[in-house]
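Chemist: Supplied in structure tokens, the structure appears directly below.
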Amino acid sequence: MSEPTTIFSIYEDKDREIRQILTEVYDALKEKGYNPINQLVGYILSEDPTYITTYGGARSKIRKIDRDDLLAALLKNFLGE
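For what it's worth, this note's numbering labels the leading residue of the sequence shown as 255, then goes sequentially.
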């Protein structure tokens, strides 16, 4: 008897990684006393990394995400796709 084929989705993995990074960056901004939403919006609109604190490696983490991928993941989540 053969085993069923397992299907992997690179998109689900990417979305999971983006969610993890955003959560960590959000938490770092909050811990440092910033308004995380305002800082993240500033970063997304300008792609200026100085909107993100270096605390906890947050700036390095957020720069691992392509901005187009970030926006796509946010829209998919918002729209429930």
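Every residue, glycine too, gets a C-beta built ideally from N, C-alpha and C.
Report the option in L283, Y297, P290, K284 whose CA atom is closest to the CA atom of R321.
Modeler: Indexing the sequence shown from 1 puts residue 321 at position 67. Minimum Cα distance to R321 is reached at Y297.
Chemist: Let me make sure I understand the geometry here. Which of T304, E335, L299, I319 has the alpha-carbon closest to that of T277?
Modeler: Here residue 277 refers to the residue found at position 23 when the sequence shown is read from its first residue. Selected option, being the one with the closest Cα: I319.
Chemist: Nearest CA to the CA of R270: which residue from A327, K315, L333, D281?
Modeler: In the sequence shown, the residue the question calls residue 270 occupies position 16. Considering only alpha carbons, the answer is A327.
Chemist: To which residues of the same chain is K286 closer than 7 Å at the C-beta, ignoring the five residues directly before and after it?
Modeler: Taking the first residue of the sequence shown as 1, we reach residue 286 at position 32. T307, Y309, listed in sequence order.
Chemist: First and last residue of the alpha helix (DSSP H) that includes P290?
Modeler: Start at 1 with the first residue of the sequence shown, and residue 290 comes out as number 36. Residues 290-300.
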